[in-house]
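Input: a single structure, listed below in C-alpha cells.
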Amino acid sequence: MVKAIFCTSCKKKLGPGSVTFSCPNCSKQEINRCYHCRELATRYQCSKCEWEGPH
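Using our numbering, read the sequence shown as starting at 152 and increasing by one per residue.
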C-alpha cells in the first residue's frame, strides 16, 4: 500500500510539479511542496524546529 503525501503548506495531495526536501535548517523533517504553493511562494514551517520558508 502506497502512503499519500501531502503539501506542508496547503495539505493537498502532491501531484506533478511537486517537490520533497529536508528542512534547510535542521534536516530532520521532510518538507513537501505542491506545484501551486511553489508557484505562489506560500510559506511553510518545519514541524521539528519551526523554521519558516521560503526565504
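Note that the Cβ used here is the ideal one computed from N, Cα and C, for glycine as well.
Worksheet entry | Option in K179, E190 and F157 with minimal Cα separation from K199 | Taking only the C-alpha atoms, the option nearest K199 is K179.
Worksheet item: Leaving out the 5 sequence neighbours to the left and right, which residues in its chain are closer than 6 Å to C197 when beta-carbon positions are compared?
Response: Shown here for C197: same chain residues with a beta carbon closer than 6 Å to its own, the five before and five after excluded, namely C174 and Q180 in chain order.
Worksheet item: Does DSSP put R184 in a helix, a strand or coil?
Response: R184: strand per DSSP, three-state reduction.
Item to complete: Taking only the alpha-carbon atoms, compute the straight-line gap between K154 and S169 and give it to the nearest angstrom.
Response: Rounded to the nearest whole angstrom, the C-alpha separation of K154 and S169 is 16 Å.
Discussion item. Check for me: the beta strand (DSSP E) holding V170 runs from which residue to which?
Written reply: Segment V170 to S173, the beta strand (DSSP E) holding V170.
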